[in-house]
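Here numbering that gives the first Met the number 0 is used: position 99 in the sequence shown is 98, and no number is missing along the way.
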Amino acid sequence: MQHPAIPPSSGEQSTEPSPELNQRQFKLRAPVLPPLNQYSDVPHTTLPHSFGAGAIGSDAVELSEVKESPSPRSPVHIPFILAYESEVLAEQFTIVEKDALDEIDWRELMEVRWKQTSPSVRNWVEYLRDEDPHGVEVVIARFNTVVKWALSECVMTEDIDERVKCIVKYIHIAAHARRLRNYATMYQITIALLSSDCSRLTRTWAL
């Protein structure tokens, strides 16, 4: 099939092929897709992806935005002990330790009637409710739980200034516990602060 040549605007015949003719011949070999303005009344969401590079480009931008979006950060940990006075906290710890010591029967000490393995405790309330411990087991579980809790409060606090305040707060609580003759709480805090996980925080201790 041959298309007629388009006559030139002047009287002379042009020897060069007409651009319009080349374009029509190109259309026969590779059909050109219809322009996007033909679908201006159609919502963007209903257009197929094959309609031009605009739709593909928008998807690529959306995918890149999803990939480059930052991952959600975990909430900042702030020790709750900073919201209370050190003396008040030491008094409350003393009350809890006294209740734990009241569970011990002297016959239990004489006969060594308690488990030699230390229980794995993460929640003090759940441990008392589910395990129903008695006597020396309560004291041992309480001791280990407070040591782990004091250590975790220091390590989980990422802000160095807040961590310094947390350590200073524990030292004040231990001092008040010693004054109240609550040597259990004093010793628990001392072990936590002298542990390798806490003592390796050299920048914190330098402040």
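For every residue, glycine included, the Cβ atom is placed at its ideal position computed from N, Cα and C.
Whose C-alpha, out of 87, 195, 154 and 182, is nearest the C-alpha of residue 75?
-> From the listed residues 87, 195, 154 and 182, the smallest Cα separation to residue 75 is found for 154.
Cβ pair residue 140, residue 85 closer than 9 Å = Cβ distance not < 9 Å, so residue 140 and residue 85 don't count as in contact.
Could you tell me the distance, in whole angstroms, from the CA atom of residue 163 to the CA atom of residue 105?
-> The alpha-carbon of residue 163 is positioned some 41 Å away from that of residue 105.
What number of angstroms, rounded off, separates the C-alpha of residue 197 from the C-alpha of residue 150?
-> Whole-angstrom Cα-Cα distance: 7 Å.
Residue 178 to residue 90 span [Cα, whole Å] | Residue 178 and residue 90 have their C-alpha atoms spaced approximately 10 Å apart.
At which residues does the alpha helix (DSSP H) containing residue 173 begin and terminate?
-> Where residue 173 is concerned, the enclosing alpha helix (DSSP H) stretches over 159–178.
Do residue 77 and residue 156 come within 9 Å of each other at the CB atom, strictly closer than that value?
-> Going by C-beta atoms, residue 156 is nearer than 9 Å to residue 77.
In angstroms, rounded to a whole number, what distance separates the CA positions of residue 103 and residue 82?
-> Those two C-alpha atoms are separated by around 33 Å.
Give the secondary structure of residue 148 by DSSP, where H, G and I count as helix, E and B as strand, and everything else as coil.
-> Secondary structure at residue 148: helix, using DSSP grouped into helix, strand and coil.
State yes or no: is the C-beta of residue 184 within less than 9 Å of the C-beta of residue 172?
-> In contact: residue 184 and residue 172 (Cβ atoms closer than 9 Å).
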